[in-house]
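Take a look at the structure below.
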Amino acid sequence: RENAISLHTPVISRKELFAIASLCGLTTTKDVLTFTRLFHDMGTLLYFDTDPSLQDLVILEPRFLSTVMATLFTTRHSYAKKGLLKKDDLPQVLKKFPVEIHNQLLHFLVGFEVIIEVGIIEKSLADAVALGDESLSSTFVGKQGYLIPALLPPKNPSTSLHSQWPKVRKQGTFEFNRIFQVLFL
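Under my numbering, the first residue of the sequence shown is numbered 1005, with each subsequent residue one higher.
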């Protein structure tokens, strides 16, 4: 890890991980993955070797992912308006990160449901999120995009957004909901 930190980068590739591991005397794939999983479990680094889209990304500084997520939630840009983000705007939002890892960062954000890919943004979704702002709604309709649940307006839209969430969950994942009935209100 110290060798990697001297690179002054929060992320490295799997190939770089193995090169650094060999400097530390780890020569077999099994040994490298064992130590990498140990460091992952301790929170020292992040490596998702079971996800083919993330296997080549080793995050040496877990805080780096906080920075990635913060770029979505920042008020410095106006790309993610009221919880919607056009796919074409994603490179601008992620511009402070190396272009070669944008797809992996996107896969991470979608995989952990920080953002939800909705495909072509339909008028009903844009209208529900825009809450009557027709000019905002029209800028998103017909564009490929993402829904950012954390940025949805606090006011409930008049239409339901449940149709935008994935209908099929990944195998091995569960969804829990709570319904509260308050009789005294």
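We treat Cβ as the ideally placed atom computed from N, Cα and C, and that holds for glycine.
Can you give the Cα-Cα distance for residue i and residue j, rounded to whole angstroms?
{"i": "T1032", "j": "S1017", "result": "17 angstroms"}
{"i": "A1023", "j": "R1067", "result": "23 angstroms"}
{"i": "D1053", "j": "L1110", "result": "17 angstroms"}
{"i": "T1040", "j": "C1028", "result": "13 angstroms"}
{"i": "D1045", "j": "S1082", "result": "36 angstroms"}
{"i": "R1005", "j": "Q1059", "result": "The pLDDT assigned to R1005 is 49, lower than 50, so where the model puts this residue is not dependable; a value taken from the coordinates is nonetheless given after this. In a straight line, the C-alpha of R1005 is about 18 angstroms away from that of Q1059."}
{"i": "N1007", "j": "S1142", "result": "Reliability of the predicted coordinates at N1007 is poor, the pLDDT of 49 falling under 50, and the value obtained from them is presented with this limitation in mind. Roughly 50 angstroms separates the two Cα atoms."}
{"i": "K1019", "j": "I1063", "result": "13 angstroms"}
{"i": "I1105", "j": "P1095", "result": "11 angstroms"}
{"i": "E1121", "j": "N1107", "result": "13 angstroms"}
{"i": "L1030", "j": "T1177", "result": "34 angstroms"}
{"i": "P1157", "j": "G1047", "result": "33 angstroms"}
{"i": "L1098", "j": "T1075", "result": "7 angstroms"}
{"i": "A1025", "j": "S1057", "result": "22 angstroms"}
With distances taken Cα to Cα, identify the nearest neighbour of residue i among the options.
{"i": "V975", "options": "L1037, T1038, F1022 and L1049", "result": "The shown model of the chain, from 1005 to 1189, leaves out residue 975, and the question about it has no answer."}
{"i": "M1073", "options": "V1062, T1143, A1154 and L1021", "result": "A1154"}
{"i": "I1119", "options": "G1146, K1086 and I1105", "result": "K1086"}
{"i": "V1145", "options": "I1152, L1156, A1130 and S1082", "result": "A1130"}
{"i": "S1070", "options": "F1112, Q1148 and P1157", "result": "F1112"}
{"i": "E1065", "options": "A1084, F1043, T1177 and D1055", "result": "F1043"}
{"i": "F1116", "options": "D1055, K1090 and I1125", "result": "D1055"}
{"i": "I1125", "options": "T1013, G1047, K1091 and S1057", "result": "K1091"}
{"i": "K1147", "options": "P1157, L1156, K1127 and P1158", "result": "K1127"}
{"i": "T1013", "options": "K1100, V1114, I1152 and P1157", "result": "K1100"}
How would you call residue i, buried or exposed, if buried means at least 16 neighbouring beta carbons within 10 angstroms?
{"i": "Y1051", "result": "buried"}
{"i": "F1077", "result": "exposed"}
{"i": "Q1175", "result": "exposed"}
{"i": "V1103", "result": "exposed"}
{"i": "G1123", "result": "exposed"}
{"i": "G1149", "result": "buried"}
{"i": "L1187", "result": "exposed"}
{"i": "L1021", "result": "buried"}
In the DSSP assignment, find the unbroken alpha helix (DSSP H) run with residue i in it and report its ends.
{"i": "S1070", "result": "R1067 to F1077"}
{"i": "S1026", "result": "R1018 to L1027"}
{"i": "V1036", "result": "T1033 to M1046"}
{"i": "E1112", "result": "One point to set straight first is that residue 1112 is Phe, not Glu, in the sequence displayed. Residues H1106 to G1115."}
{"i": "L1094", "result": "L1094 to V1097"}
Using a beta-carbon distance below 8 angstroms, is residue i in contact with chain D?
{"i": "L1151", "result": "Among the chains of the structure shown, chain D does not appear; only one protein chain is present."}
Starting from residue i, trace the beta strand (DSSP E) in both directions and tell me its first and last residue.
{"i": "K1090", "result": "L1088 to K1090"}
{"i": "G1123", "result": "I1120 to I1124"}
{"i": "Q1148", "result": "Q1148 to L1151"}
{"i": "V1062", "result": "L1061 to I1063"}
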